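Written out below as structure tokens is the structure these notes cover.
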Amino acid sequence: MDAVIGSEDCLFANIYAPLPFGLSTAAAPNLHPVLGILVVTFNYRLSMIGFLKSEEYNIRGNFGLKDQTMLLRWVNQYIRHFNGDPDRVTLVGHSSGAGAVTHHLYIPQSKHLFHRMIALSGSPLAPWSLLYNHDHCPDNYVNNLNITSEEDFFTKDFREFFIHNRENKYSFQFASSVLRERFTKFKVPILLSETRKEFETLTKFVDALRFFPNFPHDWAESRLSSFNSALEAFTASTVAAGQANNSSEVLQQIANFANLVYPVRRFAKDLIRVLDPATPVYYQRFEYDGRFGQAKHDYYRYFLHHSAYGAMHGDELGYIFSPYIVDKAFAEPEEYREEWTVHWRMVELVANFARYGNPTPTHITSNLNITWPAVNRDSSHLTYLNIDKTLELRSFEDNLSGTVRRTASVRCESDDTQAGLGRRMVVCDVTLASPGGVPGFGYHPGLHGPPEGLHCGSESVN
Numbered sequence: 005m006d007a008v009i010g011s012e013d014c015l016f017a018n019i020y021a022p023l024p025f026g027l028s029t030a031a032a033p034n035l036h037p038v039l040g041i042l043v044v045t046f047n048y049r050l051s052m053i054g055f056l057k058s059e060e061y062n063i064r065g066n067f068g069l070k071d072q073t074m075l076l077r078w079v080n081q082y083i084r085h086f087n088g089d090p091d092r093v094t095l096v097g098h099s100s101g102a103g104a105v106t107h108h109l110y111i112p113q114s115k116h117l118f119h120r121m122i123a124l125s126g127s128p129l130a131p132w133s134l135l136y137n138h139d140h141c142p143d144n145y146v147n148n149l150n151i152t153s154e155e156d157f158f159t160k161d162f163r164e165f166f167i168h169n170r171e172n173k174y175s176f177q178f179a180s181s182v183l184r185e186r187f188t189k190f191k192v193p194i195l196l197s198e199t200r201k202e203f204e205t206l207t208k209f210v211d212a213l214r215f216f217p218n219f220p221h222d223w224a225e226s227r228l229s230s231f232n233s234a235l236e237a238f239t240a241s242t243v244a245a246g247q248a249n250n251s252s253e254v255l256q257q258i259a260n261f262a263n264l265v266y267p268v269r270r271f272a273k274d275l276i277r278v279l280d281p282a283t284p285v286y287y288q289r290f291e292y293d294g295r296f297g298q299a300k301h302d303y304y305r306y307f308l309h310h311s312a313y314g315a316m317h318g319d320e321l322g323y324i325f326s327p328y329i330v331d332k333a334f335a336e337p338e339e340y341r342e343e344w345t346v347h348w349r350m351v352e353l354v355a356n357f358a359r360y361g362n363p364t365p366t367h368i369t370s371n372l373n374i375t376w377p378a379v380n381r382d383s384s385h386l387t388y389l390n391i392d393k394t395l396e397l398r399s400f401e402d403n404l405s406g407t408v409r410r411t412a413s414v415r416c417e418s419d420d421t422q423a424g425l426g427r428r429m430v431v432c433d434v435t436l437a438s439p440g441g442v443p444g445f446g447y448h449p450g451l452h453g454p455p456e457g458l459h460c461g462s463e464s465v466n
């Protein structure tokens, strides 16, 4: 296949602008009409079409990122016609979108096209966001689809390009190659975020290994050592806190930690180390479990029949944009008073950051009653804003595990052969010796490094 065949007409922008005559009571209290924020959303090429790289055919890849850069250029040139400010452009992404937008910190062509960044539950360091060994990925992908000709490619059932099985593990492995290039230092305020549960009750450890075959095998030794230390502390605290009743649940939480939580926190620490010292980085953790949790209702419960609980991956979006049950919530404001309170706080934080580069600026009148500081570059702690029924400043230890300040001891043993692991894992005699007892994740000044007392072993099962 020596020539380019076909074309892609896929770059569309959706522009949401506040009406000039005020807010209709029938409209959802979205970020854009309520606080005068202009919102532009757009599509970009994904997977093989967006990120295929092939030296043989001189395909340099990153077309999806180039789509985003083109949209940013368009916004800078034309957003004035919609009463927008091209000097206050905030790049926002959630999940894979967060992995995408954070890549623009490495792209010189994107410099000066945006002025703040919000990355929710995603990072360029996540195993699904970065492919370390991409040399044979295109060939492996095509071979696993049994494609031998152009006709095979164009007549293949579209769904087969995205079926998740052991042979098709490469379908998620088209990531950008920009991280191999020189890092560009941007003076751009950045807000990073995670939720309390993310994919914890959904992701199976086996699936994580299947979808992300490059993790963590191809990590640099120094980074792998850092991850191992954090993982040890995380596992110990999870078992000791009684958050998992068997090793299958422990493995689920480990997979969640490896694929989302650790990459986001590690990225925050890396940013404050390499960015300009005057560039603030803010970190938040969303813990509120309310009825505006759109992802939980739309996906986990409806499609998977999963009794999800806790603030899960995507739940925070219902408190930034339209609530999941907006019509009912409008009709019964007292019934949803708590959700509305959390919603308005989230909207104000995001809008302030988009306008001023600071979620809690001191020069304006605010109902938040809190000052959210940027992450301290000279501290061993990662300070963050915890968003629940109330707003509270907390911090993680430098091991990035989010371990709990408590004393506990537990012994558990279970067989995971039925889960397809083919291995029995034993976690025993876990002891956390730091003083105090605070349930959940929180501030813990007494713990330095991974907790002692974690002993794990495994044996093959025939």
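In the working numbering, each residue's number is its place in the sequence shown (first place is 1) plus 4. Glycine residues also receive a C-beta, built at the ideal position from the N, C-alpha and C atoms. Small disclaimer: the values here were computed from a predicted structure and weren't measured.
In the DSSP assignment, the alpha helix (DSSP H) including residue i goes from what residue to what residue?
i: Ile276; result: Tyr266 to Val278
i: Thr345; result: Arg341 to Tyr360
i: Val330; result: Val330 to Ala335
i: Phe157; result: Glu154 to Thr159
Need the endpoints of the beta strand (DSSP E) that residue i sits in, please.
i: Glu396; result: Leu395 to Phe400
i: Leu95; result: Thr94 to His98
In the structure shown, what three-state DSSP assignment does residue i receive?
i: Gly68; result: helix
i: Leu321; result: helix
i: Ile53; result: helix
i: Thr45; result: strand
i: Tyr103; result: Inspection of the sequence shows that residue 103 is occupied by Gly rather than by Tyr. In this structure, Gly103 counts as helix in the three-state DSSP scheme.
i: Tyr364; result: Residue identity check: residue 364 is Thr in the sequence provided, not Tyr. Correct three-state label for Thr364: coil.
i: Glu291; result: coil
i: Asn390; result: strand
i: Ala123; result: strand
i: Thr199; result: strand
i: Cys14; result: coil
i: Trp376; result: coil
i: Asp143; result: helix
i: Arg84; result: helix
i: Arg381; result: coil
i: Thr369; result: coil
i: Ser133; result: coil
i: Val430; result: In this predicted model, Val430 has a pLDDT of only 31, less than 50, meaning its place in the structure is not dependable; the value taken from the coordinates is given anyway. DSSP places Val430 in strand when its eight states are reduced to three.
i: His108; result: helix
i: Asn150; result: coil
i: Ser326; result: coil
i: Phe261; result: helix
i: Leu117; result: coil
Between residue i and the rest of its own chain, which residues show a CB-CB distance below 6 Å, the 5 nearest in sequence each way excluded?
i: His385; result: Ser399
i: Pro284; result: Pro193 and Ala378
i: Phe190; result: Leu109
i: Ile83; result: Pro90
i: Ala21; result: Leu42 and Phe86
i: Ala104; result: Gly97
Give me the DSSP bridge partner(s) of residue i.
i: Val285; result: Ile194
i: Ile63; result: Ser58
i: Tyr20; result: Val43
i: Met316; result: Glu202
Excluding the five sequence neighbours on either side, which residues of its own chain have a C-beta within less than 7 Å of the C-beta of residue i, listed in chain order?
i: Phe157; result: Ile151
i: Gln113; result: Thr73
i: Arg359; result: Arg92
i: Gly314; result: Arg200, Lys201 and Asp293
i: Leu389; result: Gln288, Trp376, Leu395 and Leu397
i: Leu50; result: Gly68
i: Ile63; result: Leu56 and Lys57
i: Ala272; result: Leu196, Val285, Tyr287, Val379 and Leu386
i: Gly469; result: With the chain represented from 5 up to 466, any question about residue 469 goes unanswered, as that position is not in the structure.
Excluding the 5 residues flanking residue i on each side, which residues of the same chain have their C-beta closer than 8 Å to its C-beta?
i: Gly361; result: His119, Arg120, Pro193 and Pro284
i: Leu372; result: Arg349, Glu352, Leu353, Thr364 and Leu395
i: Arg381; result: Ile276, Arg277 and Pro281
i: Thr94; result: Phe118, His119, Arg120, Met121, Ile122, Phe357 and Ala358
i: Ser370; result: Glu352, Asn356 and Thr364
i: Asp274; result: Leu129
Please confirm if residue i has its CB atom under 9 Å from at least one CB of chain D.
i: Phe46; result: The question asks about chain D, but that chain is absent: this structure has only one protein chain.
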